[in-house]
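To start, the structure itself, in structure tokens.
There are 2 protein chains.
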Amino acid sequence: MMAAWSDNIRKVEPYVPGEQPKDTNVIKLNTNENPYGPSPRVAEVIQNPDLLRLYPDPTASQLVDVIAEYHGVDSSQVFVGVGSDDVLAMSFLTFFNSDKPILFPDITYSFYDVWAELFRIPYERPALDENFRLVKEDYYRENGGVVFPNPNAPTGIYENLANVEDIISHNGDSIVIVDEAYIDFGGKSALELIDKYDNLVVVRTFSKSRSMAGLRIGYAISNPILIKALNDVKYSYNSYTMNRPSIIMGTESVKDDAYFKAMVAKVVATRTRFVESIRPLGFTCLESSANFVFATHENIPAKEIFEAAKKAHIYVRYFDKPRIDNYLRISIGTDEEMDKFVEFLTGYVQSIQ
Amino acid sequence: MMAAWSDNIRKVEPYVPGEQPKDTNVIKLNTNENPYGPSPRVAEVIQNPDLLRLYPDPTASQLVDVIAEYHGVDSSQVFVGVGSDDVLAMSFLTFFNSDKPILFPDITYSFYDVWAELFRIPYERPALDENFRLVKEDYYRENGGVVFPNPNAPTGIYENLANVEDIISHNGDSIVIVDEAYIDFGGKSALELIDKYDNLVVVRTFSKSRSMAGLRIGYAISNPILIKALNDVKYSYNSYTMNRPSIIMGTESVKDDAYFKAMVAKVVATRTRFVESIRPLGFTCLESSANFVFATHENIPAKEIFEAAKKAHIYVRYFDKPRIDNYLRISIGTDEEMDKFVEFLTGYVQSIQ
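Pasting the structure below:
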């Protein structure tokens, strides 16, 4: 017999996090991390362990200020969280309290429906078109909010800013969240629309272009009213979430802009080179504006390639989901890592055909 | 006119975090931090910034394992979170889903009612007795869960383990959370009861005795069923909350036990010395088993002392709340800091009388 308290335990469908192999011989192209470390300057600022004994500044003002300055906005327009997952979850909790469904694409970041379920937010998922593009008219209907990534995940496709603006302007009664986790690798940001629309929230992360997945830093930029609403919810829950190493190292990362731009350029160059290398093998990649490509082969099922690569200690990502179950999401590593992967694919494709 | 979306923004009463002065001349005795830094070994493990580019292990298994080993439990009995605030909030969300009210004392950690309000959990607050002690019989009534700190905050009073066990054993149908944030500074832990009662969750933090408030690490120890329930809820929300510096440095802190014990002993010795120093000035302290004391003066109102100390750049904590509005909560700093505070109090008390 189960104890009586078991009735009062929240039942959830637990999310299964992506595989993080402990084997260091693995070529890890499965979680869209940056193959290059962050600015070497970030290590220098954390040498003194004595600073760890004090609580972090709950407003993380040092980091907020440097992000605001970087984007040319006021500090009252910046909200920081423990990764963009935290920022997005807080945004769902803060902004999506309508009885109407929120809208996001059928193929998109896999956490949106998890949060909607957790917070009991109704949602609908308009289908992307046959080219995996947003159909902007699908977002004209009545709704309780809109959220989509740009570039989209896991396709890597960038939606032009005119279409993004069209969706924002058609939803004056809802909050529209544009999740720009990958924007530094290609495409124009919706940040320039922040002052024009009072219903727009742009979300960013340090995990991809800033090489700091291990630190968990994300942020939202919007108008001061929406940022205050986010902070009010955050402080009501746990006011000390971002730790001192993140605040200090994150700040230093933003300050070293030359290093940041150089590393992003390297990843983009490797992406172009990689796409060209696998085309002759029978692969097609969707046009990527991210630090990964979404690739399909003309006659070998994606799942088989995924499994063969894993046996060869190369991890990529496969989604067993409708419409995308013949694609692989391949993070862009170093040139050397991608060369090894191309070498593997060349041998593998030849062995099959 | 407000935009239509403003109706769907969550309304909360934001918590106002404690003051974190940027002025480094301040003697900071207001947030129960440890005056000594963590083990110097923790800085050595974070020299390589390259590790920051990878996502943290979502299970934080390295840290979970070392905590489990330290307490002589299985790793399946340990849940880690971003500070004990995160662990407690997750515990509320996971375990307190009954329609019956949860119970916690009228004078206690100030976040319990904040989380109960946020998650819409009904609650009742039985009054501590006139000596600020728990009345165990108050926890015999039907409830949806029980939570209390031991030692209690902000009183510092430790409740003996027989009374704690009595409350646990009278609540077989509810989860009982014993919040042991301060237990390392005095008193016997409820951890020894974990295997005896399936409804017990013990919560700990690295912020006080381990000098790591700046890292945000907390944990719960319980049986594998309750720990799995916590992890399921956590993964459904945000699976990457603890960052790499916290995992690595936290692990190293647990390994350096000699340093840890020496620093705790120093704080306890200073506490005894401080209490004896202010008694002749007309102060009475509740018997403290924590890294702070709760002090009242025989004829000067606590609020006046609080304000005078602040003018002298010494920050302590004052709560403008029923029953405790004539007390000061004074964190234990270094001997030198406490000597300066005693010097200030001596002059101040003389000037008044």
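Chains as they are written, first to last, in our numbering: chain A, 1 to 353; chain B, 1001 to 1353. A virtual CB, placed ideally from N, CA and C, is assigned to each residue, including glycine. This one's a predicted model, so the numbers in the text were calculated from it and none came from an experiment.
Could you pull out every residue in the same chain whose Cβ sits closer than 6 Å to the Cβ of residue i, ignoring the five residues on either side in sequence?
i	result
Asp335(A)	Thr270
Ile1217(B)	Phe1206, Ser1246 and Gly1250
Pro35(A)	Gly333 and Thr334
Ile1167(B)	Lys1136 and Tyr1139
Among residues of its own chain, excluding the 5 on either side of residue i, which ones have a beta-carbon nearer than 7 Å to its beta-carbon?
i	result
Val316(A)	Leu29, Asn30, Phe306, Ala309, Leu328, Arg329 and Ile330
Ser277(A)	Val342
Ala1344(B)	Here residue 1344(B) is Phe; the residue named in the question, Ala, does not match the sequence. The residues are Ala1309, Ala1312 and Ile1314.
Asp1129(B)	Val1135
Arg125(A)	Phe104, Pro105 and Asp106
Flag residue i as yes if its beta-carbon sits less than 8 Å from any beta-carbon of chain A, otherwise no.
i	result
Gln1372(B)	Given that chain B is displayed from residue 1001 to residue 1353, the structure contains no residue 1372(B) and the question cannot be resolved.
Val1233(B)	yes
Glu1142(B)	no
Ser1211(B)	yes
Pro1056(B)	yes
Leu1051(B)	yes
Asp1173(B)	yes
Thr1031(B)	yes
Val1268(B)	no
Ile1330(B)	no
Phe1096(B)	yes
Glu1165(B)	no
Thr1241(B)	yes
Asn1131(B)	no
Assuming residue i is part of the beta strand (DSSP E), what are its boundary residues?
i	result
Ile227(A)	Element bounds for Ile227(A): not the beta strand (DSSP E) but the alpha helix (DSSP H), Pro224 to Tyr235.
His313(A)	Segment: none, His313(A) is in no beta strand (DSSP E) and carries neither H nor E.
Gly1081(B)	Val1078 to Gly1081
His1071(B)	Careful: His1071(B) lies outside any beta strand (DSSP E), inside the alpha helix (DSSP H) at Ser1061 to His1071.
Ile1221(B)	Gly1218 to Ile1221
Phe1294(B)	Phe1292 to His1297
Val1176(B)	Val1176 to Asp1179
Could you tell me whether the Cβ of residue i comes closer than 8 Å to any Cβ of chain B?
i	result
Thr108(A)	no
Tyr36(A)	yes
Ala258(A)	no
Asn199(A)	yes
Pro21(A)	no
Leu93(A)	yes
Gln47(A)	yes
Pro245(A)	yes
Phe292(A)	no
Ala4(A)	yes
Give the DSSP-derived three-state secondary structure of residue i in the structure shown.
i	result
Ile1102(B)	strand
Phe1148(B)	strand
Lys1303(B)	helix
Phe1185(B)	helix
Ser331(A)	strand
Arg244(A)	helix
Gly282(A)	coil
Arg1053(B)	helix
Asp1086(B)	helix
Lys1136(B)	helix
Leu193(A)	helix
Val201(A)	strand
Glu1033(B)	coil
Glu1252(B)	helix
If I follow the unbroken alpha helix (DSSP H) through residue i, where does it start and stop?
i	result
Ala116(A)	Tyr112 to Leu118
Gly347(A)	Asp335 to Ile352
Ser277(A)	Asp257 to Ile278
Ile168(A)	Leu161 to Ser169
Val1042(B)	Arg1041 to Glu1044
Below 8 Å CB to CB, which residues in the same chain sit around residue i once its five sequence neighbours on both sides are set aside?
i	result
Phe1096(B)	Ile1102, Ala1116, Phe1119, Ile1121, Gly1144, Gly1145 and Ile1175
Asp99(A)	Pro122 and Gly144
Thr346(A)	Leu281
Arg273(A)	Asp335 and Met338
Starting from residue i, find everything on chain D with Cβ-Cβ shorter than 9 Å and list it in chain order.
i	result
Leu1118(B)	No chain D appears in this structure, whose protein chains are A and B.
Assess, as a yes-or-no matter, whether the region 157 to 167 of chain A is touched by the region 125 to 140 of chain A under the definition of 3 or more beta carbon pairs within less than 8 Å. yes
Would you call the region 1026 to 1045 of chain B in contact with the region 37 to 56 of chain A, where contact means no fewer than 3 C-beta pairs closer than 8 Å? yes
Quick check: the region 1149 to 1160 of chain B against the region 1277 to 1295 of chain B, are there 3 or more CB pairs under 8 Å? yes
Would you check if there are 3 or more beta carbon pairs closer than 8 Å linking the region 72 to 91 of chain A to the region 211 to 226 of chain A? yes
Should the region 1196 to 1210 of chain B be called in touch with the region 1112 to 1124 of chain B, which here means at least 3 C-beta pairs below 8 Å? no
Spell out a yes or no on whether the region 1172 to 1187 of chain B and the region 1199 to 1219 of chain B are touching, meaning 3 or more CB-CB pairs, one atom from each, closer than 8 Å. yes
Spell out a yes or no on whether the region 1062 to 1075 of chain B and the region 50 to 70 of chain A are touching, meaning 3 or more CB-CB pairs, one atom from each, closer than 8 Å. no
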